[in-house]
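So in my numbering the end of the sequence shown lands on 259, straight run, no missing numbers. Cβ coordinates follow ideal geometry from the N, Cα and C atoms, glycine included. First comes the structure, then the notes that go with it.
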Amino acid sequence: MFAPRVLQAARSSIPINKRCFSAAITSRQKPVDLSRELYHRSPGHPFHPPMVMAQWDTHQEMKAGNSIFRTASYFVSFSDHAGTHVDAPKHFSAEPGAKSIDEMPLETFYTDAICLDLSHVELGAAISVNEMEAALFNSGQEIRAGDTVLLYMAYNKRVHFDDPRWQHIFPGLDLESVHWLADRGCKVFGVEAVSPAPEGELNFQAHNACAERGITHIEGLDNVESVVGKGRFKFIGFPLKLRGGSGGPMRAVAVLDE
Numbered sequence: 002m003f004a005p006r007v008l009q010a011a012r013s014s015i016p017i018n019k020r021c022f023s024a025a026i027t028s029r030q031k032p033v034d035l036s037r038e039l040y041h042r043s044p045g046h047p048f049h050p051p052m053v054m055a056q057w058d059t060h061q062e063m064k065a066g067n068s069i070f071r072t073a074s075y076f077v078s079f080s081d082h083a084g085t086h087v088d089a090p091k092h093f094s095a096e097p098g099a100k101s102i103d104e105m106p107l108e109t110f111y112t113d114a115i116c117l118d119l120s121h122v123e124l125g126a127a128i129s130v131n132e133m134e135a136a137l138f139n140s141g142q143e144i145r146a147g148d149t150v151l152l153y154m155a156y157n158k159r160v161h162f163d164d165p166r167w168q169h170i171f172p173g174l175d176l177e178s179v180h181w182l183a184d185r186g187c188k189v190f191g192v193e194a195v196s197p198a199p200e201g202e203l204n205f206q207a208h209n210a211c212a213e214r215g216i217t218h219i220e221g222l223d224n225v226e227s228v229v230g231k232g233r234f235k236f237i238g239f240p241l242k243l244r245g246g247s248g249g250p251m252r253a254v255a256v257l258d259e
């Protein structure tokens, strides 16, 4: 058995950015799933290929010596922007140094977070800075450097995933609101829809602004209403390590203090 001083010395020798990932969820904390299900032909942005999922192994019998084994597995083909995912800088910047998803620091996806309630916005509307400031004031929180900011627009409550309109009529940020988040130190923001801004030119502008400001965003969140009014919490959303990927599907989770 290691003496306490030995354990403390070993722990203190680990860089803080490594130690932070070893913290376990305690009995006084609750993990909340903020991810969408992925399934065959699950909806996504119309610019990206659809998800294909089919059974590969069907519990067929295999033998080795006197042992019998049955296994099931699936073939899956999908975009690197499938389901709940984060955009890498490479997605919206053609600059040679723009990072792909596998090059992004893990700390980007393990942060403190808050959620702003924007559920009153109309479908297809562009959210102004005044609306963002009001939502922040109503939350009783502040945006701190490095925060993830989740934006609850009640979109999934109003338009079902399987409704063809879901890919098109979402609300989102106007250009100034993207800069407003960046000005306050937000590094990642998240939305329920397939894009951070309403369809069309505003969406292109929002992506370009992310490139300009060195921030990014998560698309396709679900169950965001569960973190509205919960104050500050931990956000965890590690993307798949796709070599050269322009984005990465993730299992997005909020950890709430109970």
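Beta-carbon spacing of residue i, residue j below 8 Å
i	j	result
His86	Gly249	yes
Leu138	Asn209	For the sequence presented, residue 138 should be read as Phe rather than Leu. No, the Cβ-Cβ distance between Phe138 and Asn209 is not below 8 Å.
Thr149	Val179	no
Asp258	Gln56	no
Ala265	Ile102	There is simply no residue 265 to check, as the chain begins at 2 and stops at 259 in what is shown.
Arg159	Leu124	yes
Ala253	Leu35	yes
Pro44	Asp223	no
Ala183	Arg214	yes
DSSP-derived helix/strand/coil call for residue i
i	result
Met52	coil
Glu220	strand
Leu203	helix
Gln142	coil
Phe76	strand
Glu108	helix
Tyr156	helix
Pro47	coil
Leu257	strand
Ala136	helix
Pro90	helix
Ile69	strand
Asp164	coil
Glu226	helix
Glu38	coil
Val189	strand
Residue i versus residue j - alpha carbon distance
i	j	result
Gly230	His161	24 Å
Phe22	Tyr111	Confidence in Phe22 is poor, its pLDDT being 47 and thus under 50, which makes the residue's placement unreliable; the coordinate value appears in the next sentence. Using only the alpha carbons, I get a separation of about 8 Å.
Gly191	Thr59	37 Å
Cys211	Thr109	14 Å
Val130	Ala155	19 Å
Cys116	Val33	13 Å
Gln168	Gly66	53 Å
Met54	Ser80	12 Å
Phe236	Glu62	42 Å
Ala126	Ala135	16 Å
Ala95	Arg71	47 Å
Leu119	Val225	11 Å
Thr27	Met105	28 Å
Met251	Arg42	18 Å
Asp113	Gly221	20 Å
Pro47	Arg166	11 Å
Ser247	Phe205	16 Å
Buried/exposed call for residue i, threshold 16 Cβ in 10 Å
i	result
Arg37	buried
Leu151	buried
Tyr153	buried
Trp181	buried
Ile69	exposed
Ser78	exposed
Lys91	buried
Gly173	buried
Gly201	exposed
Pro97	exposed
Gly141	exposed
Pro240	buried
Gly245	exposed
Ala73	exposed
Ala198	buried
Cβ separation of residue i and residue j, assumed to be a contact under 8 Å, to the nearest whole Å
i	j	result
Arg185	Ile144	4 Å
Phe171	Ser196	7 Å
Asp175	Ile219	Rounded, the Cβ-Cβ distance is 19 Å, inconsistent with contact.
Distance cut-off 7 Å: residue i Cβ against heavy atoms of the ligand ATP
i	result
Asp164	For the structure depicted, the ligand ATP is absent and the ligand set is empty, with no information on it obtainable.
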